[in-house]
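Novice: Quick one: the structure is below, questions incoming.
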Amino acid sequence: MLSTIRRSFVPAAWLGWQIESNWTDPFLFFTFSIVKPVASVLILVFMYNAVSQAGPGSPVYAYIYLGNAFYIYVGAVMAGASFSVLDDRERYRSLKYIYIAPVSIPVYMFGRAVARFITGTIAVAVTLLAGALLFGVPLNPLTVDWPMFLAALLLGVVCLTFMGVFIGAWTMTIRTEPWFVGEGVAAALYLFSGAIFPLSVLPAFLQPLGYVMPMTYWLELLRRASLGPGAAAFPTLAGFTNAELFGILGLITAAFGVITWVAYRYFDRVAREKGLIDAVHNF
Amino acid sequence: MATSTDTATPDRGWRLFVRTVFARAYPRLIGQQREKAWIFFETALPFLGTIGYIYVYRAIQAPEEFIGFVVMGGAMTAFWLNVMWMMASQLYWEKESGNLALYIMAPNSLMAILLGMALGGMLATTLRAAIITVLGTLLFNIQFAIASYAQLFAVFMLTMAALYGLGMLLSSLFLLWGREAWQIANLLQEPVYFIAGFYFPVKSFGVVVAMASSLIPLTLGLDAMRQLVFASGPTLGWLPVEIEIAALVVLAVAFIAAAKYWLALMERKAIEEGTLTDRRR
């Protein structure tokens, strides 16, 4: 176990961090890390301000802002873990060498996700700070339920990493346009997990989709931990206690763990049999 | 009877330019249609994002015309993505795959190659933007009240000319970068959606920021098109449509001229230094 971590996880995390960060100087890297997510949240702030008279005091404002801020992790960790496979296979063409090295590939993918988690955390922290200081989001570090926040964050990130490894393994078996799989899942989660609007706004026939998405419960827990009672202003998940939300998220995470393990073994076999480990798609 | 020498006489001047444009537009147009998954995802992904923003407006009980604003912005993201990923970064990709040296050595102009890419990409992207608009209109019951078809057509064409001119200019600049090119293309999405007012009226920025953001052709193009197709558009518009059309003409000419200058400069550097086309740079 320790040997696997030393050989696969640590080098992968270090490699991921180098790929993410060493293309430029630290200042520019920091700027690039925050510009995209901050712009994304600014779109929502301006949309809100263009229409709403209620101002930042309205619960929907904090709901939208925090949902979008924490959703950065989905793009970073889940889509990032799957992109790292494609980066290695298609861009750097190094996946074949990693495959013949004495490393565990799923653990390697976990390691690459960690690097994305770190860059994602920088973006989330800056977005939240900007929200509290500049955009009137009612965030106060003294009132945040930190144990609940950290527990929810950890559980959600583990779930996202499982999903990322699943998608990464799946994309290994796709020769044509594998880039879109990670993006597609991230986009679907954005829409159906109530990241930037309550699920109750969706048409009734689409709402059940939201209830099977782990991110729905994860974002609700993070909002409740960050805002306290103000977060429960929407009826969608108001009927669930925090313990129930943790329970559901834990179950879904465990389920994804099992699914990912089975799926990885299957996709890995398919990719080996079809000679897709070193495939490069050209267009 | 024609000899083999006659048939091998190469085209020169405008004939070569036009043939290059068609030759480069062809794979862009046909190749994209062959990738069914590509068509689906390039339409579906921006549309999913667009729907997300529509529901945000629904959640905050915005007036219905804002839904139309979002659909139009979502449709135009297809053009921005096309310009960034299939035009601005194209020469960088060609460098990575080793084709750039062939492009530089070939007797045709880089401008013609990029124009071919633009025309091929624009046609295919227009189809995707139209699908997003039609789907959005049908699903969310958007009401249009077109004030002037002639102005609308002029605004669209001028926006495309300026936008793809900007793409050509960026493609020459991207050549100067190594791995940064990927990061920059990736970076110039959400910030541009924000600063160009893809999902809200650019008027919200105030005069100074709106003027700065007008350097991106889609800012003025979107604002003018919204004024022309929605009943309440003029009240939410930033500048009168006529001024925006004039500004788009200036942007189109400026970007295309700048692109021509920079591409010639890059081509000269590539030949003189022999390192610009090296993928290890």
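So the sequence lines, in the order shown, correspond to chains A and B.
Quick note: the first sequence uses our numbering, first residue 1, plus one each step.
Quick note: the second sequence uses our numbering, first residue 284, plus one each step.
Note that beta-carbon positions come from the ideal geometry of N, C-alpha and C, so glycine has one too.
1) Strictly under 8 Å for the Cβ-Cβ distance: is S82/A near chain B by that measure?
2) Have a look at T171/A and A541/B and give me their C-alpha separation to the nearest angstrom.
3) Between the alpha carbons of T216/A and M549/B, how many angstroms are there, rounded?
4) Drop a sphere of 10 angstroms on the beta-carbon of S431/B, count the other beta-carbons inside from all chains shown, and report buried for 16 or more, exposed for fewer.
5) Taking DSSP as the reference, what is the three-state secondary structure of G228/A?
6) Looking at the structure shown, is M370/B part of a helix, part of a strand, or coil, going by DSSP?
7) Enumerate in chain order the residues of its own chain whose CB-to-CB distance from L191/A is below 7 Å, with the five nearest sequence positions on each side excluded.
8) Between which two residues does the alpha helix (DSSP H) carrying F513/B extend?
9) Check whether the stretch 86 to 102 of chain A and the stretch 248 to 255 of chain A touch, using three or more Cβ-Cβ pairs below 8 Å as the test.
10) Any beta-carbon of chain B closer than 8 Å to the one on L44/A?
11) Any beta carbon from chain B within less than 8 Å of L90/A's own beta carbon?
12) Of the residues A151/A, A13/A, V258/A, I72/A, which one's Cα is nearest the Cα of R112/A?
13) So which residues of chain A does I526/B contact, with C-beta pairs closer than 8 Å?
14) Enumerated in chain order, which unbroken segments of the alpha helix (DSSP H) with a length of 4 residues or greater are wholly contained in the stretch 373 to 401 of chain B?
15) Which one of L503/B, A514/B, L546/B has the shortest CA to CA distance from R532/B?
16) Under a CB-based cut-off of 8 Å, is W14/A close to chain B?
17) Could you check which residue in A384/B, T518/B, A537/B has the C-alpha nearest to that of G557/B?
18) Measuring only the C-alpha atoms, how far is I499/B from W465/B?
19) Any idea what DSSP makes of D278/A, helix, strand or coil?
20) To be precise: take each residue of the stretch 330 to 341 of chain B, compare its Cβ to all Cβ atoms of chain A, and keep it if any distance is under 8 Å. Which residues remain?
21) Out of curiosity, what's the CA-to-CA distance linking A428/B and P141/A?
22) Which same chain residues end up closer than 6 Å to I478/B when comparing Cβ atoms and leaving out the 5 residues on each side of it in sequence?
23) From the DSSP output, in three-state form, read off G239/A for me.
24) Given that T24/A touches chain B, what residues does it touch there, using C-beta distances under 7 Å?
25) Mind checking whether G182/A and I167/A have CB atoms under 8 Å apart?
26) Does any residue of chain B have a CB that is nearer than 8 Å to the CB of P56/A?
27) Could you compute how far the alpha carbon of F481/B sits from the alpha carbon of L227/A?
28) Is A204/A helix, strand or coil by DSSP?
29) If distances are taken between C-alpha atoms only, which option among M47/A, A132/A, F27/A, F180/A comes closest to L66/A?
30) What residues from chain B crowd round Y48/A, counting only those whose CB sits closer than 7 Å?
31) What number of angstroms, rounded off, separates the C-alpha of F362/B from the C-alpha of G448/B?
32) Given a threshold of 16 other Cβ atoms within 10 Å of its Cβ, counted over all protein chains shown, does A413/B qualify as buried or as exposed?
33) Which residues of the stretch 536 to 557 of chain B have a Cβ closer than 8 Å to any Cβ of chain A? Give them in chain order.
34) Relative to the alpha-carbon of V354/B, which residue among L402/B, N424/B, G489/B, L519/B has its alpha-carbon at the smallest distance?
35) Between P390/B and the rest of its own chain, which residues show a CB-CB distance below 6 Å, the 5 nearest in sequence each way excluded?
36) Residues of chain A with CB closer than 9 Å to the CB of S372/B, please, in chain order.
Specialist: Taking the definition as stated:
1) Here the question's residue 82/A lines up with position 82 in the first sequence. It does not: the Cβ of S82/A has no partner Cβ on chain B nearer than 8 Å.
2) The residue labelled residue 171/A in the question sits at position 171 within the first sequence. The residue labelled residue 541/B in the question sits at position 258 within the second sequence. Rounded to whole angstroms, the separation of the alpha carbons of A541/B and T171/A is 40 Å.
3) Sequence index remark: in the first sequence, residue 216/A carries index 216 (1-based). Sequence index remark: in the second sequence, residue 549/B carries index 266 (1-based). Distance between the alpha carbons of T216/A and M549/B: 50 Å.
4) In the second sequence, residue 431/B corresponds to position 148, counting from 1. With fewer than 16 Cβ atoms within 10 Å of its Cβ, S431/B is classed as exposed.
5) Mapped onto the first sequence, residue 228/A falls at position 228. Secondary structure of G228/A (DSSP, three-state): helix.
6) For the purposes of this step, residue 370/B is taken as residue 87 along the second sequence, with counting starting at 1. M370/B falls in the helix class under three-state DSSP.
7) Sequence index remark: in the first sequence, residue 191/A carries index 191 (1-based). The same chain holds no residue with a CB closer than 7 Å to that of L191/A once the five nearest residues on each side in sequence are set aside.
8) For this step, residue 513/B is matched to residue 230 along the second sequence. Note, F513/B: premise wrong, no alpha helix (DSSP H); not H, not E.
9) No, the stretch 86 to 102 of chain A is not in contact with the stretch 248 to 255 of chain A.
10) The residue given as residue 44/A occupies position 44 in the first sequence. Output row for L44/A: interface = yes.
11) Taking the first residue of the first sequence as position 1, residue 90/A is located at position 90. Here the sequence assigns Glu to residue 90/A, which means Leu is not the residue at that position. Answer no: the Cβ-Cβ gap between E90/A and chain B never drops below 8 Å.
12) By one-based count along the first sequence, residue 112/A stands at place 112. It is A13/A.
13) Working through the second sequence from its first residue, we reach residue 526/B at position 243. Correct list: empty, because the minimum Cβ distance to chain A is about 22 Å.
14) Look at the stretch 373 to 401 of chain B and you find these whole runs of alpha helix (DSSP H), each 4 residues long or longer: 373 to 380, 383 to 388.
15) Along the second sequence, read from residue 1 onward, the residue named residue 532/B stands at position 249. As written in the sequence, residue 532/B is Val, which differs from the Arg given in the question. Across the set L503/B, A514/B, L546/B, the C-alpha of L503/B shows the shortest separation from the C-alpha of V532/B.
16) Numbered from its first residue, the first sequence carries residue 14/A at position 14. W14/A does not count as touching chain B.
17) Looking up residue 557/B in the second sequence gives position 274. Cα-wise, what sits closest to G557/B is A384/B.
18) Residue 499/B sits at position 216 when you count from the first residue of the second sequence. Residue 465/B sits at position 182 when you count from the first residue of the second sequence. If you take the alpha carbons of I499/B and W465/B, they lie about 20 Å apart.
19) Position 278 of the first sequence, counting from 1, holds the residue named residue 278/A. Assigned with DSSP and collapsed to three states, D278/A falls in coil, not helix or strand.
20) Residues passing the 8 Å Cβ filter: L331, G332, I334, G335, Y336, Y338, V339, Y340, R341.
21) As a working mapping, residue 428/B is identified with position 145 in the second sequence. As a working mapping, residue 141/A is identified with position 141 in the first sequence. Within the model, the alpha-carbon separation for A428/B versus P141/A is close to 49 Å.
22) For this step, residue 478/B is matched to residue 195 along the second sequence. Closer than 6 Å at the Cβ level, and outside the excluded window around I478/B, lie S496.
23) Translated into positions along the first sequence, residue 239/A becomes position 239. Looking at G239/A - three-state DSSP - the assignment turns out to be coil, as it is neither helix nor strand.
24) In the first sequence, counting from the first residue as 1, residue 24/A sits at position 24. Counting only Cβ-Cβ distances below 7 Å, T24/A has contacts in chain B at E463, in chain order.
25) Position 182 of the first sequence holds residue 182/A. Position 167 of the first sequence holds residue 167/A. Contact flag set, yes.
26) Counted from its first residue, the first sequence places residue 56/A at position 56. By this cut-off, P56/A is not an interface position.
27) The count along the second sequence starts at 1 and reaches residue 481/B at position 198. The count along the first sequence starts at 1 and reaches residue 227/A at position 227. Going by the C-alpha atoms only, they are around 30 Å apart.
28) Along the first sequence, read from residue 1 onward, the residue named residue 204/A stands at position 204. DSSP places A204/A outside both helix and strand once states are collapsed to three, so it counts as coil.
29) Here residue 66/A refers to the residue found at position 66 when the first sequence is read from its first residue. The closest CA to that of L66/A, considering only M47/A, A132/A, F27/A, F180/A, is found on A132/A.
30) Mapped onto the first sequence, residue 48/A falls at position 48. By Cβ distance, chain B contributes I343.
31) Residue mapping note: residue 362/B aligns to position 79 of the second sequence, counting from 1. Residue mapping note: residue 448/B aligns to position 165 of the second sequence, counting from 1. If you take the alpha carbons of F362/B and G448/B, they lie about 13 Å apart.
32) Here the question's residue 413/B lines up with position 130 in the second sequence. Exposed, by the Cβ-count rule.
33) Within the stretch 536 to 557 of chain B, no residue qualifies.
34) For the purposes of this step, residue 354/B is taken as residue 71 along the second sequence, with counting starting at 1. Selected option, being the one with the closest Cα: N424/B.
35) The residue labelled residue 390/B in the question sits at position 107 within the second sequence. Closer than 6 Å at the Cβ level, and outside the excluded window around P390/B, lies no residue.
36) Within the second sequence, residue 372/B is the residue found at index 89, counting from 1. Ordered by position in chain A, no residue passes the 9 Å Cβ test against S372/B, which lies about 13 Å from the chain.
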